[in-house]
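What follows is a short report on a single structure.
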Amino acid sequence: MNVYTNGFSIKDYKNDNEIHSEEFFSIPPSSLKKSSGNNLEDIEEIFSTKLSQYNELGYFTQIHESSIQATYFALYILDAVGKLNEINQSKIIDFIMGHYNESTHAFIDSYAIRYLDAELTYFSKMDDYVSMLEITCQAVLSLKLLNRLDLIDIQQSINFIESCYNPETGGYIGQPYSSELHPFFKIATAENTYYAILTLEKLGASPGNVDDVVMFLNNLQSLITGGFYNNLTEENPLSYSKTNLLSSYFCIRGLEIIGFEDSIRIDDFIQFLEDRYNDVDKFFELSENNLHALLNFTSSVATALGLYLSDVSGYSGLDRTGVVNFIFNNRNSWGIWNNAREFQYHELIETFQIIRALNESGETAKLNSSERTEIANALKYYEHPLAGYSLLSRDYTSLGLIHSIVNSFKLYDRIPDLNLQGLYELIESCYFSTSKIHSFVGCKDLVNHHDLGVHVEFRSRPIEYYSTSRKELFFGTGERYSHKYTYYALDSLKKIFKLDDFMAYNDLISVKDYIITSQFLELSHENHGAFAPSLQFDSTDPAFQNKKASLEYSYYAIKALEILTQALDLGDISTLILDRNALKYYLSNHTQSSMFMDSMHQNNVETILQHTYYMIYILKALGDYNLNDEEVRTYITQNIDYSNIKNIYYSFKISEILNFDINVDFHQTQFLIESLYSEDFNDYFLTLEKNELEHEVFLWVCDMAKNDEIKIEPNFSESVMLGGYNDVNVSLYNMVLDEFGPYTTVKFESTQIQSIVFDEMLDGTYFKTIQIPVEPTNYPIVGGNITVYDDTTLVAFESIFFNTNYDLEIINNTFFNDNHMIIQVDISLLTWNDKSPLFDSRVYAEIYKDDIFIKVENFSCEEKLDHSNFTLDYILQAGSNYVFKLFLEDPYQPTARYLFEVKKKIPGSEELVEIEQDVNSNEQPKYEENYQNALPIMLMVIAIPSLIIFLSSRAKRTAKSKI
Numbered sequence: 003m004n005v006y007t008n009g010f011s012i013k014d015y016k017n018d019n020e021i022h023s024e025e026f027f028s029i030p031p032s033s034l035k036k037s038s039g040n041n042l043e044d045i046e047e048i049f050s051t052k053l054s055q056y057n058e059l060g061y062f063t064q065i066h067e068s069s070i071q072a073t074y075f076a077l078y079i080l081d082a083v084g085k086l087n088e089i090n091q092s093k094i095i096d097f098i099m100g101h102y103n104e105s106t107h108a109f110i111d112s113y114a115i116r117y118l119d120a121e122l123t124y125f126s127k128m129d130d131y132v133s134m135l136e137i138t139c140q141a142v143l144s145l146k147l148l149n150r151l152d153l154i155d156i157q158q159s160i161n162f163i164e165s166c167y168n169p170e171t172g173g174y175i176g177q178p179y180s181s182e183l184h185p186f187f188k189i190a191t192a193e194n195t196y197y198a199i200l201t202l203e204k205l206g207a208s209p210g211n212v213d214d215v216v217m218f219l220n221n222l223q224s225l226i227t228g229g230f231y232n233n234l235t236e237e238n239p240l241s242y243s244k245t246n247l248l249s250s251y252f253c254i255r256g257l258e259i260i261g262f263e264d265s266i267r268i269d270d271f272i273q274f275l276e277d278r279y280n281d282v283d284k285f286f287e288l289s290e291n292n293l294h295a296l297l298n299f300t301s302s303v304a305t306a307l308g309l310y311l312s313d314v315s316g317y318s319g320l321d322r323t324g325v326v327n328f329i330f331n332n333r334n335s336w337g338i339w340n341n342a343r344e345f346q347y348h349e350l351i352e353t354f355q356i357i358r359a360l361n362e363s364g365e366t367a368k369l370n371s372s373e374r375t376e377i378a379n380a381l382k383y384y385e386h387p388l389a390g391y392s393l394l395s396r397d398y399t400s401l402g403l404i405h406s407i408v409n410s411f412k413l414y415d416r417i418p419d420l421n422l423q424g425l426y427e428l429i430e431s432c433y434f435s436t437s438k439i440h441s442f443v444g445c446k447d448l449v450n451h452h453d454l455g456v457h458v459e460f461r462s463r464p465i466e467y468y469s470t471s472r473k474e475l476f477f478g479t480g481e482r483y484s485h486k487y488t489y490y491a492l493d494s495l496k497k498i499f500k501l502d503d504f505m506a507y508n509d510l511i512s513v514k515d516y517i518i519t520s521q522f523l524e525l526s527h528e529n530h531g532a533f534a535p536s537l538q539f540d541s542t543d544p545a546f547q548n549k550k551a552s553l554e555y556s557y558y559a560i561k562a563l564e565i566l567t568q569a570l571d572l573g574d575i576s577t578l579i580l581d582r583n584a585l586k587y588y589l590s591n592h593t594q595s596s597m598f599m600d601s602m603h604q605n606n607v608e609t610i611l612q613h614t615y616y617m618i619y620i621l622k623a624l625g626d627y628n629l630n631d632e633e634v635r636t637y638i639t640q641n642i643d644y645s646n647i648k649n650i651y652y653s654f655k656i657s658e659i660l661n662f663d664i665n666v667d668f669h670q671t672q673f674l675i676e677s678l679y680s681e682d683f684n685d686y687f688l689t690l691e692k693n694e695l696e697h698e699v700f701l702w703v704c705d706m707a708k709n710d711e712i713k714i715e716p717n718f719s720e721s722v723m724l725g726g727y728n729d730v731n732v733s734l735y736n737m738v739l740d741e742f743g744p745y746t747t748v749k750f751e752s753t754q755i756q757s758i759v760f761d762e763m764l765d766g767t768y769f770k771t772i773q774i775p776v777e778p779t780n781y782p783i784v785g786g787n788i789t790v791y792d793d794t795t796l797v798a799f800e801s802i803f804f805n806t807n808y809d810l811e812i813i814n815n816t817f818f819n820d821n822h823m824i825i826q827v828d829i830s831l832l833t834w835n836d837k838s839p840l841f842d843s844r845v846y847a848e849i850y851k852d853d854i855f856i857k858v859e860n861f862s863c864e865e866k867l868d869h870s871n872f873t874l875d876y877i878l879q880a881g882s883n884y885v886f887k888l889f890l891e892d893p894y895q896p897t898a899r900y901l902f903e904v905k906k907k908i909p910g911s912e913e914l915v916e917i918e919q920d921v922n923s924n925e926q927p928k929y930e931e932n933y934q935n936a937l938p939i940m941l942m943v944i945a946i947p948s949l950i951i952f953l954s955s956r957a958k959r960t961a962k963s964k965i
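This note's numbering applies: residue 3 is where the sequence shown begins, and numbers increase by one.
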């Protein structure tokens with residue numbers, strides 16, 4: 003068995019370059035404006051920015067990944083129109099050099115990694131992915147345009163290019179040659195060879211084996227058509243499956259650079275040009291593959307290439323003026339070019355290839371100043387906000403961006419602010435339906451239909467939608483169409499109230515069936531039971547299908563099916579799955595300690611959390627959830643990372659779906675979100691390195707801001723005197739916010755006190771002074787809820803209690819006249835700033851005669867201005883000892899309280915003694931001790947009379963017996 007490698011080892015550069023999309027460069031934080039420091043204001047600013055974008059442009063601007071290739075395209079165009087000095091060259095240089103590996107002298111971005119990780123069993127065209135050699139050459143050519151070749155070791159760069167020479171065929175391959183490479187990687191191509199020759203020439207060198215290179219390029223000329231292939235194998239030419247003008251350009255231009263353009267079969271090639279030329283409309287077809295002139299979906303590019311190739315070959319059968327006019331007259335509204343009149347693709351590669359051909363034909367000189375400015379300005383649509391340029395312009399809005407925006411607006415009840423019809427038309431345009439496919443493509447215009455029954459797609463293979471790989475080096479998941487995009491589309495349509503409109507013209511049953519039948523059910527494969535992104539690969543080798551099936555697409559398949567079953571009234575989703583047990587087995591087979599682990603993906607903490615959430619959602623949707631919650635909880639608490647928003651978000655989502663209450667440092671989460679926001683771009687970065695803007699972060703922030711429980715932090719006095727005031731200050735916060743907007747109302751709602759609305763303070767807190775009415779119901783505790791309303795909807799509440807108290811002032815007087823006794827007790831209720839009668843109260847006495855209880859007597863009561871006067875008038879029997887134990891019943895206490903006692907001894911009738919009550923005794927009254935001991939001890943401060951003031955008077959009478 004032959005064992006092959008993919009060649010260039012990841013170890014050769016991983017120490018110098020992080021393997022992650024858009025993380026090869028970093029913008030110094032000092033060069034970016036800080037956040038305003040208020041997450042709510044930042045969120046509102048993003049909403050305003052999105053609406054302004056759409057109102058001004060008619061679309062939401064999409065950020066696509068920047069690349070060395072796109073950056074080279076832009077620099078070449080700017081140089082050709084004389085505008086290179088008008089850009090920030092230092093920023094571009096930093097971007098390019100951020101991808102340079104000094105040990106290998108190669109330039110590596112995510113496009114190069116994608117190439118190195120190409121899935122060799124599936125590829126049918128070698129030029130599907132731009133190669134590492136091309137990317138390195140384009141980086142060097144960019145530095146040449148910027149006059150900064152001094153930043154690299156020129157000889158080492160030459161050596162790297164030469165290391166990509168294939169001695170077996172004579173041409174250049176996409177990476178350093180090794181006999182152990184997979185045969186696919188050893189295929190030399192005209193495109194690789196062209197870039198190698200061009201770059202070597204710019205570095206003052208030439209191919210080391212010129213004769214073999216010339217022979218290789220000449221051998222690519224077809225004996226039948228006279229045109230050139232991009233490469234040629236024994237089985238099949240791999241580029242467009244036909245000879246074409248672009249491959250012919252690579253071959254002939256490469257030969258021209260080294261002075262061998264005359265080595266081709268000129269007459270045969272002129273005939274090829276003659277066959278490609280349309281003398282009626284003055285344009286060229288790209289290849290012989292066109293069945294109809296209207297299907298010439300690259301007529302603009304092909305015509306520019308045909309112009310240059312006609313000059314080099316001496317073809318005179320064209321109307322040169324007509325051809326040049328065709329090119330210039332077919333510029334779009336931005337002043338640059340679409341790929342053809344019939345299709346509106348405007349990838350950066352179109353304008354680059356046209357400008358390059360015009361430049362080499364000497365025709366760019368005809369561009370006037372205004373046209374040059376237009377072309378340069380149009381490149382701003384491709385400029386990445388951070389650094390470099392992208393292959394796609396900002397108007398290629400993705401369904402992912404639409405979904406994030408729609409859901410964010412939905413969370414904030416702002417769907418009516420959106421242009422619903424415009425969004426509907428954009429989403430509907432992404433629906434791709436044929437006899438075999440019923441799915442959605444990833445962005446608008448990714449696939450263009452033609453009335454003649456054909457469709458075309460992006461030529462430059464942007465990484466967002468072309469990510470097929472072995473999952474060893476490159477872990478992108480983007481596809482042209484998939485269940486993920488189907489869910490994005492259906493969910494967005496549902497939320498903008500347009501799903502019924504879509505159903506009226508499209509067959510959702512076919513969409514449902516398409517998803518269901520994409521479940522991968524080949525036995526003996528790791529991903530048996532999971533869903534593939536679509537049926538696009540159902541006829542490929544099962545081993546390749548196994549790599550396509552994944553948890554992510556299973557999750558989005560379930561999410562899409564949930565919407566479809568509801569819209570179509572199909573009942574339980576679990577009954578629709580072809581093999582429910584296989585899906586459950588797939589999930590179980592990838593579960594370790596209740597967390598999802600996948601050997602085909604990078605198992606960093608953030609990915610594990612994300613995938614575990616997907617798994618939990620699927621299991622719950624099927625009614626089969628059986629994970630160990632404590633293991634999941636432990637993993638979250640042990641791995642929460644306050645510097646990573648993806649970590650925080652999926653920890654939140656798992657906690658939400660499992661009803662976990664996990665302690666989170668809200669100050670850190672708020673600060674993280676604040677730190678990720680950029681006022682320059684009115685959007686969020688994905689990481690604190692601030693080298694990647696990610697539209698999905700906005701949805702994450704909105705989701706947490708709206709769905710994380712609002713925490714209420716009240717501050718108030720724990721004890722307040724009746725009639726007094728309690729200053730209550732309330733702070734609100736959750737993981738994202740410490741302010742919640744103008745429609746937020748905070749109240750104190752209690753059955754004891756009327757509802758009170760708090761005032762919002764300048765610092766975002768809420769304040770109110772609450773007066774405690776002097777009412778028995780407000781003693782000993784006042785309780786209620788701090789409630790938070792979003793408009794009229796209750797969103798949070800927290801119960802609070804505080805203790806109330808009061809004082810009593812008690813003055814007692816006792817009068818005696820022989821056996822007649824009068825006891826008077828004056829009682830005042832002392833509250834916060836008042837002295838008043840103790841209304842609705844009763845004083846009574848338990849009367850003991852000679853230590854025997856005889857009766858209870860009530861005092862009469864008369865309400866005075868500031869006290870209640872209680873009086874007992876009682877006749878005593880001679881020769882007895884009396885004890886009067888006084889008690890008070892009042893509406894503030896649940897039971898009677900003991901006040902004090904009066905003792906009186908009445909002598910016989912013949913005795914004459916002085917009778918008195920010494921109420922000024924220094925001895926501590928027993929009743930006071932008893933009362934104090936009777937007070938309850940509570941953790942909550944319960945208002946009790948904290949002061950009882952006794953004032954006594956002494957009445958003295960002398961009685962004499964008769965003689």
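Yeah, the Cβ is synthetic: ideal placement off N, Cα and C, and Gly gets one too.
- Counting C-beta pairs closer than 8 Å gives three or more between the region 601-617 and the region 642-657, which meets the contact rule.
- Listed in chain order, the alpha helix (DSSP H) runs fully inside the region 579-637 are 582-591 and 607-624, counting runs of at least 4 residues.
- If you keep only unbroken beta strand (DSSP E) runs of at least 3 residues inside the region 812-868, you get 822-833, 836-839, 844-851, 854-860 and 862-865.
- Collapsing the DSSP output to three states places D761 in a strand.
- Excluding the 5 residues flanking it on each side, E891 has same chain C-beta neighbours closer than 7 Å at S843, R844 and A898, in chain order.
- Setting aside the 5 residues that flank it on each side, F476 is surrounded in the same chain by I115, R116 and D119, each with a C-beta closer than 6 Å to its C-beta; the list follows chain order.
- Going by C-alpha positions, I802 is about 28 Å away from N40.
- Leaving aside the five residues that flank R278 on each side, the residues in its chain whose CB is nearer than 6 Å to its CB run, in chain order, F286 and E287.
- A contact is defined here as three or more CB-CB pairs under 8 Å, and the region 374-386 fails this definition with respect to the region 666-683.
- In this structure, the alpha-carbon of I498 lies about 51 Å from that of T195.
- When rounded, the separation of the alpha-carbon atoms in Q91 and L148 is 7 Å.
- Sequence-distant partners of N211 (beyond 5 residues in either direction) whose C-beta falls short of 8 Å from its own C-beta, in its chain, are Y167, P169 and G172.
- Burial check for S757: the Cβ neighbour count within 10 Å stays below 16, so the residue is exposed.
- Between I825 and T833, the beta carbon gap of about 26 Å keeps them out of contact (Cβ cut-off 8 Å).
- Within its own chain, the residues whose Cβ lies closer than 6 Å to the Cβ of M597, once the five positions on either side in sequence are excluded, are I610, T614 and Y637, listed in chain order.
- Between Y74 and L183, the gap from beta carbon to beta carbon reaches 8 Å or more.
- Inclusion of T747 and V730 in the CB contact set at 8 Å is not warranted, their separation being larger than that value.
- Listed in chain order, the non-local C-beta contacts of L688 below 8 Å within the same chain comprise I647, K648, L678, E694, L695, E696 and V699, local neighbours out to five positions each way being set aside.
- Around the beta carbon of A190, 16 or more other beta carbons lie within 10 angstroms, which makes this residue buried.
- The C-beta of T470 has 16 or more other C-beta atoms within 10 Å across all chains shown, which makes the residue buried.
- Taking 8 Å as the cut-off, the beta carbon of I575 is found no closer than this to the beta carbon of A534.
- For R416, the closest C-alpha among the options F742, E811, S312 and S50 is that of S50.
- Its chain contains A192, F230, Y231, N232, N233, L234, S249 and C253 as the residues whose beta carbon lies nearer than 8 Å to that of L222, once the 5 sequence neighbours on both sides are disregarded; these appear in chain order.
- Between A306 and L360, the CB-CB gap stays under 8 Å.
- By the C-beta density criterion, F109 is buried, having at least 16 other C-beta atoms within 10 angstroms.
- F522 sits close to A551, with the two beta carbons spaced by under 8 Å.
- Pairing Y781 with N805, the inter-Cα distance amounts to about 8 Å.
- Under the three-pair Cβ rule at 8 Å, the region 878-895 counts as touching the region 847-865.
- Excluding five sequence positions before and after D81, the CB atoms of its chain that fall closer than 6 Å to its own CB belong to L147, given in chain order.
- Sequence-distant partners of Q538 (beyond 5 residues in either direction) whose C-beta falls short of 8 Å from its own C-beta, in its chain, are I439, E481, R482 and Y483.
- Fully enclosed alpha helix (DSSP H) runs of no fewer than 4 residues occupy 212-221 of the region 197-231, in order along the chain.
- In the displayed model, Q346 falls within coil according to three-state DSSP, outside both helix and strand.
- Scanning the region 328-416 for uninterrupted beta strand (DSSP E) segments of 3 residues or longer gives nothing; none is fully contained.
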